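Have a look at the structure below, then the notes.
In our numbering, the protein residues as written are 2 to 119.
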C-alpha cells in the first residue's frame, strides 16, 4: 500500500477546484491507499464550522470533510501558523485535525510515498 498526501492551499471560494481535489482524495482512498490531507494557508478556511457555500453554483463541502473518516482518511493535518495568521484556532474547525508547526510540516512530507499539491 502506498501513502498519499494531498496538500491543499486552495482558496475557500474556489469551490469547483476544491470539489475536484476532494474527488481525487476519495477515489484514491477507495483503492485502499493510505491517504492523508494537509491544509495550508487559506485552505484552512475549508474546515470552519457553520460555513455554507455562500456562492451561486458552489457546493457546501463540509459534508465531504465530515465523511472522510468513512473512507479511512483519518489523518488530516493543518499547519498551525496558517491558523494563527488568520486568527483561527482548532476549536473553530469542523473535524478533528492534527496541528503541525511549519517545521514539522517539512519533516512530515518526507514520510509519504506520493505528494499531490492543489
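By construction, the Cβ of each residue, glycine as well, lies at the ideal position given by its N, Cα and C atoms. The model shown is predicted, which means the values in this text are computed figures rather than measured ones.
Here the region 5-15 does not lie against the region 86-104, with fewer than 3 beta-carbon pairs under 8 Å apart. For residue 96, the closest of 79, 107, 29 and 83 by C-alpha to C-alpha distance is 79.
Per the DSSP secondary-structure output, residue 80 pairs in a beta bridge with 101.
In its chain, beyond the 5 residues on either side, 72 have a beta carbon closer than 8 Å to the beta carbon of residue 31.
Of all alpha-carbon atoms in 65, 112, 85 and 70, the one lying nearest the alpha-carbon of residue 23 is that of 65. Contiguous beta strand (DSSP E) elements confined to the region 15-77 occur at 35-40, taking only those with 3 or more residues. Counting C-beta atoms within 10 angstroms of its own C-beta, residue 68 has fewer than 16 neighbours from the protein chains shown and is therefore classed as exposed.
Of 82, 2, 108 and 94, the smallest CA-CA separation from residue 29 is found for 2.
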